[in-house]
Structure formats: C-alpha cells, structure tokens
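Enquirer: Residue numbers (our numbering): 577 to 693. Even glycine gets a Cβ: it sits at the ideal position worked out from N, Cα and C.
1) Around the Cβ of residue 618, are there at least 16 other Cβ atoms within 10 angstroms (buried) or fewer (exposed)?
2) For the stretch 665-675 against the stretch 599-618, do three or more pairs of beta-carbon atoms, one drawn from each stretch, fall closer than 8 Å, so that the two count as touching?
3) So who's on the other strand from residue 646, going by DSSP bridges?
4) List the whole-angstrom C-beta distance separating residue 688 from residue 650, where the pair is believed to meet the contact cut-off of C-beta under 8 Å.
5) By Cβ distance, which residues of its chain are closer than 6 Å to residue 628, with the 5 residues on each side in sequence left out?
6) Are the beta-carbon atoms belonging to residue 662 and residue 601 less than 8 Å from one another?
7) Which whole-angstrom value describes the C-beta separation of residue 645 and residue 630, a residue pair presumed to lie in contact below a C-beta threshold of 8 Å?
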C-alpha cells in the first residue's frame with residue numbers, strides 16, 4: 577500500500593479539488609495568458625453579464641490564466657457556472673468552479689446589509 581493510501585485510511589487521495597460551496601464569486605482558470613488582460617476582462621464581462629450583474633472581475637498578476645468573477649447573487653453565479661463551463665474563449669476551454677472563500681467585496685456588502693437591519 578502506498579504512503580498516500582495509508583495516510584488516508586487505505587483510500588487514495590483525490591488530486592482534484594472538491595466542489596466548493598455555492599458562492600457569488602466564481603473561480604475561472606485555463607484563460608489564454610497570451611491575450612491582453614483588458615481584452616480578457618471585457619470578454620468575461622460580456623459572457624458573465626448575460627447571467628446577472630457582474631460586480632467585479634479580478635485577475636491578479638500572480639494568477640496568470642486565472643480570474644475571479646463576482647456576480648450579484650448565488651443563483652446568477654450558479655447559472656453562469658452551468659452555462660459557461662467548458663466554453664471556448666480565445667482557443668481554450670474555461671474551467672469554472674465556485675471560489676473557496678468570499679471576496680472582500682462580498683464581505684463588505686454583507687456587512688453593510690447587516691448594519692442596515
């Protein structure tokens with residue numbers, strides 16, 4: 577039995593990331609990093625805005641070929657994930673998942689809503 581299997585009680589660990597909890601923020605990977613950043617952001621905006629209001633698109637330099645898209649609600653994010661998964665953009669298929677955690681923008685919005693109530 578391999579060390580990896582032993583460490584997990586006899587079962588091999590999965591190298592795939594497990595599906596995260598439904599979030600307003602989507603994590604997109606496999607973006608073509610040879611295309612200018614502003615062109616990719618504009619294209620992502622056009623694609624995702626058909627599913628709801630796009631609040632933010634972030635593409636940090638250290639995350640080449642990846643982006644986070646924040647939509648107005650979880651339902652919009654869920655519909656976008658289902659509708660755009662494997663869509664070809666600039667010659668590469670999008671790989672979309674829910675973000676592991678809330679973005680600062682979403683946390684700030686939730687905090688403001690709590691303060692108003």
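Expert: With the structure as the only source:
1) exposed
2) yes
3) 601 and 632
4) That belief does not hold up - the Cβ atoms of residue 688 and residue 650 are roughly 18 Å apart, past 8 Å.
5) 647, 648 and 652
6) no
7) 6 Å
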